[in-house]
């Protein structure tokens, strides 16, 4: 199915839904969902962003700006996953507890206002990776229209580009808690430290990156093809001093480079393939 047909299917999804409350992070996936929902439903669509220490303030600002550009009604709610010991202990299924908190916050809001369910930005490719948060969403009756109509990540970018969204090539920006190896305790201070480091590098012009936090060590990950340029172009002394000023003792560069979901490689294959989708819609099951 061509992207044009999938876009039509996505539009039909919202025509049938009639009203939409979208879990909107400001990432390219949920932004496309918000755009199409608003195009079809107008003010019957609302985008809601969860605000917590795991969301960079700069990402919240971007989400607000993008929602304004789209024209969709945008709201913010606070979530409190940092109060949950199961979340901050950072187990392999940490995302399950994060998404549980998100949807336990959004679902009552949706039902109170007459929305049938919460809609998220999960795409078809997400179903192939270890994403325990998807299970939490499905247990609470959420719908994932991108996944349901079979729209993969590259198609999200292509459709966004064709619709004239200027952020169609925006790098993925998962929550800051994903920067820590499983088992390392997550604190607000650690999240802020990592966030400051990533903002510093982005202001130097490096867009696709991660700063992984392992104890007192910051490990910078960049696309492999950018590593040589990074070493030549960046003032490494200034970088080290900046990171140390934010609280790290050691600063390293990962020579293997950045790869999405890299920290999942420590999980055994059985764990990585153990995703279940209780309560999934038949259309979603068909798309896997």
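Residue numbers (this note's numbering): 125 to 412. Glycine is no exception: its CB is placed at the ideal position from the N, C-alpha and C atoms. It should be emphasised that the depicted structure is a prediction, and the values quoted were computed from it without experimental measurement.
Alpha-carbon to alpha-carbon, residue j and residue i
i: residue 285; j: residue 376; result: 35 Å
i: residue 174; j: residue 350; result: 33 Å
i: residue 292; j: residue 279; result: 10 Å
i: residue 236; j: residue 345; result: 43 Å
i: residue 276; j: residue 156; result: 12 Å
i: residue 142; j: residue 168; result: 7 Å
i: residue 328; j: residue 358; result: 8 Å
i: residue 245; j: residue 215; result: 23 Å
i: residue 125; j: residue 201; result: 37 Å
i: residue 365; j: residue 324; result: 12 Å
i: residue 195; j: residue 288; result: 14 Å
i: residue 160; j: residue 352; result: 40 Å
i: residue 188; j: residue 226; result: 18 Å
i: residue 263; j: residue 361; result: 49 Å
i: residue 336; j: residue 193; result: 32 Å
i: residue 380; j: residue 374; result: 18 Å
i: residue 224; j: residue 317; result: 25 Å
i: residue 297; j: residue 250; result: 14 Å
i: residue 218; j: residue 162; result: 32 Å
i: residue 304; j: residue 213; result: 11 Å
i: residue 130; j: residue 372; result: 46 Å
i: residue 185; j: residue 132; result: 30 Å
i: residue 206; j: residue 138; result: 33 Å
i: residue 128; j: residue 313; result: 45 Å
Proximity of residue i and residue j at Cβ, strictly below 7 Å
i: residue 354; j: residue 321; result: no
i: residue 382; j: residue 334; result: yes
i: residue 273; j: residue 134; result: yes
i: residue 197; j: residue 170; result: yes
i: residue 180; j: residue 339; result: no
i: residue 384; j: residue 299; result: no
i: residue 247; j: residue 270; result: yes
i: residue 260; j: residue 211; result: no
i: residue 267; j: residue 239; result: no
Bridge partner(s) assigned by DSSP for residue i
i: residue 252; result: None; residue 252 has no bridge partner.
i: residue 374; result: 341
i: residue 145; result: 170 and 242
i: residue 297; result: Residue 297 is not bridged to any residue.
i: residue 349; result: According to DSSP, residue 349 bridges with nothing at all.
i: residue 316; result: Per DSSP, none; premise fails for residue 316.
i: residue 279; result: BP columns for residue 279 are empty, so no partner.
i: residue 334; result: 345
i: residue 200; result: 173
8 Å contact criterion, which residue i and residue j should meet: CB distance rounded
i: residue 152; j: residue 281; result: 7 Å
i: residue 243; j: residue 145; result: 7 Å
i: residue 295; j: residue 332; result: 4 Å
i: residue 191; j: residue 158; result: 7 Å
i: residue 230; j: residue 147; result: 6 Å
i: residue 315; j: residue 301; result: 7 Å
Counted within 10 angstroms of its Cβ, other Cβ atoms place residue i as buried (16 or more) or exposed
i: residue 311; result: exposed
i: residue 307; result: exposed
i: residue 166; result: exposed
i: residue 204; result: exposed
i: residue 252; result: exposed
i: residue 209; result: exposed
i: residue 183; result: buried
i: residue 136; result: exposed
i: residue 348; result: exposed
i: residue 363; result: buried
Any non-hydrogen atom of the ligand ADP closer than 6 Å to residue i Cβ
i: residue 284; result: Because no ligand of any kind appears in the structure shown, any question about the ligand ADP cannot be addressed here.
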